[in-house]
Structure formats: C-alpha cells, structure tokens
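A short worksheet on the structure shown next.
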C-alpha cells in the first residue's frame, strides 16, 4: 500500500467511510490494526488536550432577542386574527407551532454560524460536531432555546420554552419542561421493553435457520426494484444489489455479458450494471425467500456476510443475525426521547428572511393574485421570479431574488425588522397539484369557551361563523308526577289569580315526546303538588328538547331586568357586563289544551329590532359581539366569541339555541404531520410481523391477510391451485418486505433486505389443507409447503391447499421442535399436546440443542451434526 496524506478534518462519518474502504481493500486483520492505532492516538491527544466543557463555553448568540421579539409580534397578529373569527382554532394552533418551529430552526443555524465565525475550537462545538458527545439538538437546548414541548397525551403545548439551560428556566417553563421530560422517560421505559420482546420473538422464529450448503441449485430469484414512496426514493437498485448473488446473467447494449449468473455483486459491479445494462433488462437475484434448501439456507441465496463483505460461511447462524439486526434499531431508538426530553420537532417550509431592519419594496404589477396561506393569512402569490429590495437607509439596500410560485407575506413599503419572514418558497407542484404530504387526519372537537346563545352567520366563500353570544344560564332540575289544574276559560296573558278554581286532571303519558323551552330556562315555583312526567310543547314545535319538570302553577309574571356594571375607558367607550337578575321581558302563561298537553307561550313585551354582528377594537383588546343598541355617543354590544368553520361542517346547535360552557359545537378534521422516531414505527412493525387482523377491535384497512386472499383469488382464475398459491405468496412477501422497509427507511435506518426476507420466509412457509385427497392429512391442518408438495407427488388424488400467513408468535409456537416451542410460550399446553401425539424432536435447531446440553449445529459444530444426521438415516 502506497503512503498517502489526507489533510482534512475527520468527523464520525469520514472515519466510517475510511474504515469501510480499508476493510474492502485490505481485509479484516489490517483493518483491526488500523482501528486500534486510531483509538490510541485519539485518546493520547484527548488527554494532552485537557478537553472539557465549562459554563463560559456556552455562548448565546446575540440574535436570539431579535428572533423572540419578531416571533411574539407574529403570534399577536395571529391571535388577533383568531379573536376576530378570521381563522379557525386549528389554524391558530398550527400557525403558532409553525412560527416557533421556524424560530427554532433559524436559531440553530445562527448558533452554529456563531460558533464557526467566533470560535471554531469551542469544546461544545467540537464535541457535538465530531459525534463524540451529544448532538446539535442538545447544543441548541444549552445555548439556544428548548422550544415546543409535548404534554402527557402527546399533544403539543402552544406555549414554548423560550429560555435555554444556561439562562435557566422560569417556573412556568420548568413545569412545562417536566411534562415532556417525564413523558420521555416513561415512554423510554415502556418502549425499550416492547423492543426487547420483539427481538426475542424474532430470534425464536428464525433461530433454526443456518447456512448448511453452498448451492441449492434453484432457478428462481426475486426482481430488484427501487423502493419509492410518494416520489421519494428510499432504496436505490444499487443499494439493494450490493452483497447479493445474481439469479440470471445480465447483458449490456451489444449483448455483451456484464455479470454472469451466480456472481456476487460488489460496489464496482453494481455501478457498472446500472450504467451499462439495457433499459428493458430486469435484474433477478437469489434470495432466502426462493431458496429450495429445506429448514435452512444455502450460501448463494444468502450472499455476503455484511460484517466483512465476503460470501457467508457454512455454519453461520443467519436466522439469529437477521432477528438481531431487525430488533436492535428498535432498542437503540427508544432511547432517543430520553436525550432530548420530549422536545417536539417538526418540519419547516423554506422561508426567506430579511437580512436587516428596513423598508421592503417590490413591484406589484408582476404578481398574480392575493391569496391565503394554509394558516388563513393573506399573502401575495408570484408566478415569476421576483426581486425584493430591503432598504436600510440612504446608502444600504439589499436585493433578494425570490423564485416563482412563492408566497410573499410582507406588503410593499412596510417596515420590517431583522430576520422577519418576508416570503415562503414553494413550487407549482406543492401549490396546485396537492401532493400527499406526510400527514394524517385527526378529528378534533371545537368547544365553547363561554356559555350563552348560538348565532350562525353564513358567508359566500364556503365558510360560516358560529357565534356564541355571552349570557348566564339559570336552570333548575325539577321532577313531576301528577298535576291538578282548575280551569277558567278566559284569562289574560299577563295577569291571573292563583286562587281561582280551575280543575283538570292530566293523565300520565308514557309517550316519549321531548320538550324544549324555547326562550327561558328559569321557572319560578310557588306551591308544590304531586309530581309526574308531563309533555310540554312550545308554540315553535320544531325545536324539541327533554325537560324533567316540577310542574305547578307558574308565577304570575317572570321579570327580566338588565343590571350593568359600567367601566369607563379613556377614549369614551364603555365596556358593560350585563347580568340578568329577574326575568320580566318575556311573559309565560299556562293555557289549557288537549288531554296530556300543556303549552307555554313566550310573549315578547316590546319587539326591538337588533342590528347585525359587529367587531370593534378598544385599544389592544378586541371585543366582538352583537350590536344591541346604537346611540349618538355609544354602542351597546352583547359580547360573543366567533368560531370560523368550513360550510360543510355539521354544527350540533341551531340558531338561537342556548349552550353551556365547554360544550362541543362541531367536529373538524385536522391535518397533523407524522412526526416521531421509530418508536412511532415500532407498533407498525409489530403489526406487520405479527400479521394482525384488527387494531383496537377495528378491522385493519390494508391487512396482509386481506391482501393474500385478494392475490390468491386473482391467480386462482388464471393458474392451477398450486401455482396460484406460490404466486400469491410471492406477492405477499414483496408487500411485507416493502412495508417493513418503509418504516425503518423513513427513520434513516439501513437494514439489509436479506434479514427481513429470512423472517418473512418463516411467516409464509405454511399452507392450510382445503381438500385431503388420498393423503392422510385432515382438512384445516397447517403444513409446510415443501412437505405437501412432496406428499402430492406420491399420490394420485392430490390434496388441495390455500396459502396462509402466520405472525411471528404463531410461527414460533408451531415449529416442528416442541422443545423450542415450549421454551417460548404456553409451555404446559405444548408439552401436553406433544405427549398425547407422541411427537419426536429431531434436535435440528439451536434452541433445542442448548436446552438438552448438546453441541449446537452451527459454526464448527455443523460438521459433527451432519455426520450424525447421515449415520441416523
């Protein structure tokens, strides 16, 4: 090897690349020597350097105060828009989250920039950047800000922690911080156990798979395609080819063979194949899924041992390696919340910020139209590239070029501060082609902040505002049995005598007509009689609600009066708080009608025409409500809170209904971004590996069992049953492989396909007997596919079967070895069944040999095992 000199900084990634390159070119022995030397030198100089972190090394960037100031300005604007009914409660919350996320992101960038410019040798910066200790997100919490936290339910708290650990947290921030940190710790504890259990189940299902021979001589292979979802490529063909064996030869443009069948593919060969192969050429590789070796796997179907990039050796326990490779990332990543302490991370759209304070200028002619963002704010959409100028003073003007289809937030000739958002960069596809974002919809209820009366206002642009006009509800729960009335035909609505003799018995009615008192909920009672259920209807019979009433003589007159507490403000407005003391403006009187019915009439005393709704700003406080009265120098408002909802949203109250506090007005759908680490994906992986049919007692929409039935039903029409079974199993294996890979790849976890293929092979290896034919099998019996194929060759009237999918737990419990199965779960049941059936365990796997205390059939023990097997037969 020639001496070479590399004058550059080596971060964690660079060292990984160097070691991999060295391993491929110089083998394992020399590589281990190199790593030893690197370790010795590193520790020697770390000791001499006296590397440690002190409080002075935590440098807070000056720009932080600017950013917080800008953010609070944005949030106030957003809050005002919500109070005026301009945006929905969900848009408000999403905007707050977006604003703080953006601030957090800028702060992180500025923080790193600050270290780069002022002090490259800062211990905090070196430790995080080299990958020796911690990461950037932890540095951000030390000298930036902690940011948004999630509460115990996993919902984001809209009050972020603005302080960092150097400044120290105030009481409110500390309590919010404890929420997230505690949630992180508990999640870690629970999920680590889940991940460990998953690993155990995987080991149990695959432990018996060992490399036993060189080549199984199969002619089958699997097609290699890139893993793409929503236009994003997670795995390329090159990544999927390295370390595998070709099942068919590959030819180039001039029918020249690029790689022959049975050849293993290295990095160089993979590049060559992709570059020179014919466009229509399909690449087939050998796979554990198609290996025809029974109860084990051959060398060529497995390919390279990824520890040292050479062909796997005979006797290698590839099943256990596969199980550990899939289980390990779960254990690793459950720890991630522990370090960051439940801090929320979300994706942020690319934005353009002002480089300094000043006045913004741009030409309006070139712009297409005014529009609204997804958070309900007004913005201007530009269809061509646009120059924006930020003028600081006479001498300093900065020019910013904004790409086409961007949204400009700032209006021309307005003053902006440093690092304020000017525009958001987006593309034509994002705006008009509505790509599927990584979001999921959740249903959220909208609750009333106050009690009062509902008023619904419709708008043209597919939106409506539901107002809740403030008021105090007075309600009494009263029970009724029977009511005796003495009747006089003519009496006045407003005046009557309680002592008049009116007699009428109302019979008990068992019908379930409900009652709704349309205006008042308050009934004042003087004398009591016997109780009974009654049906009471209003003259507006379409409004119905249930009333349990204590029914007696209604008071002569119910009085209503406004008592206002007045508060004066400087500029002449009065903020009045009405209180209802007695109810006098509505009269209610009892009229005799048919048997079993009572009518309560609401008779308005003086009909006032009430104006439409109005919004008025009093200083910084926004007051919204219904105009009751307009005079020369004052406006009387009935205060209300507006709730903006899309027109199609079902509202559970009608106009004029009385509503109590914290009542649900409507439900609306909210788009949430799919955040989280693999732990969010861990249940998904378990769901796929356990082949679950239901989730929370609800049938799964896209369950693998359904898929298998669909595939089998389609192939059954074209092919004989045995071919249809094989083809449908192949399709299902591909579906499972891609779905499990997607969960891991979305978290940037690289797991080789061969490990997943080994587990999937065990899950799909069995079939269920449909017709027994001449065999001695029973209908409904589960049997290995290769076994039934063997049996069918020997009989005239063949058995018919269908493919089935078994989860990893079921597969483990149904292995041939009863010792292995009983050491996993349900020990008594398995041993009892085996004893009754007189089962024999041939001790072919690892687990059963460990339990008995024999040499395991792996590594050097494989030769010993094979000679014994031969002598047995």
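In the UniProt record's numbering, the protein residues as written are 1 to 873. Ideal Cβ placement from N, Cα and C applies to all residues, glycine included.
Is residue i helix, strand or coil when you go by DSSP?
| i | result |
| --- | --- |
| residue 278 | coil |
| residue 145 | coil |
| residue 455 | strand |
| residue 160 | coil |
| residue 717 | helix |
| residue 117 | helix |
| residue 803 | strand |
| residue 828 | helix |
| residue 410 | coil |
| residue 153 | coil |
| residue 858 | coil |
| residue 319 | helix |
| residue 787 | helix |
| residue 305 | strand |
| residue 100 | helix |
| residue 703 | coil |
| residue 324 | helix |
With burial defined as no fewer than 16 other Cβ atoms inside 10 Å of the residue's Cβ, what is the status of residue i: buried or exposed?
| i | result |
| --- | --- |
| residue 552 | Residue placement at residue 552 cannot be trusted, given a pLDDT of 36 that sits under 50; what the coordinates show is reported in the next sentence. Flag for residue 552 reads buried. |
| residue 617 | Residue confidence for residue 617 is low, a pLDDT of 45 falling below 50, so the modelled location carries little weight and cannot support an answer. |
| residue 189 | exposed |
| residue 815 | buried |
| residue 88 | buried |
| residue 182 | exposed |
| residue 862 | buried |
| residue 299 | buried |
Would you report the Cα separation of residue i and residue j, rounded to the nearest angstrom?
| i | j | result |
| --- | --- | --- |
| residue 576 | residue 668 | Because the pLDDT at residue 576 is just 45, under 50, the model does not fix this residue reliably, and the point stays unresolved. |
| residue 280 | residue 301 | 24 angstroms |
| residue 105 | residue 76 | 20 angstroms |
| residue 186 | residue 178 | 12 angstroms |
| residue 843 | residue 849 | 6 angstroms |
| residue 638 | residue 381 | 39 angstroms |
| residue 116 | residue 412 | 35 angstroms |
| residue 787 | residue 129 | 56 angstroms |
| residue 243 | residue 268 | 11 angstroms |
| residue 801 | residue 724 | 10 angstroms |
| residue 708 | residue 650 | 39 angstroms |
| residue 874 | residue 811 | Summary: the structure shown does not reach residue 874, with the chain confined to residues 1 through 873, and so no result is reported for it. |
| residue 247 | residue 288 | 12 angstroms |
| residue 447 | residue 92 | 15 angstroms |
In the DSSP assignment, the beta strand (DSSP E) including residue i goes from what residue to what residue?
| i | result |
| --- | --- |
| residue 358 | 358-361 |
| residue 414 | 414-416 |
| residue 784 | 782-784 |
| residue 354 | No beta strand (DSSP E) holds residue 354; DSSP gives it neither H nor E. |
| residue 257 | 257-259 |
| residue 212 | 211-213 |
Hey, would you say residue i sits closer than 8 angstroms to residue j, going by beta carbons?
| i | j | result |
| --- | --- | --- |
| residue 451 | residue 661 | yes |
| residue 205 | residue 320 | no |
| residue 456 | residue 194 | no |
| residue 219 | residue 741 | no |
| residue 808 | residue 201 | yes |
| residue 99 | residue 120 | no |
| residue 149 | residue 157 | yes |
| residue 351 | residue 423 | yes |
| residue 383 | residue 390 | no |
| residue 767 | residue 720 | no |
| residue 839 | residue 823 | no |
| residue 209 | residue 274 | no |
| residue 418 | residue 125 | no |
| residue 359 | residue 415 | yes |
| residue 729 | residue 764 | yes |
Which residues bound the alpha helix (DSSP H) around residue i?
| i | result |
| --- | --- |
| residue 745 | 721-745 |
| residue 172 | 171-206 |
| residue 639 | Per DSSP, residue 639 belongs to no alpha helix (DSSP H); it is in the beta strand (DSSP E), 635-646. |
| residue 768 | Unbroken run through residue 768 is the beta strand (DSSP E), 766-771; no alpha helix (DSSP H). |
| residue 422 | First-last for residue 422: 421-424, but that is the beta strand (DSSP E), not the alpha helix (DSSP H). |
| residue 78 | 64-83 |
| residue 874 | Residue 874 lies beyond the residue range present for the chain, which begins at 1 and ends at 873; the question has no answer from this structure. |
| residue 386 | From DSSP, residue 386 is part of no alpha helix (DSSP H) but of the beta strand (DSSP E) over 386-391. |
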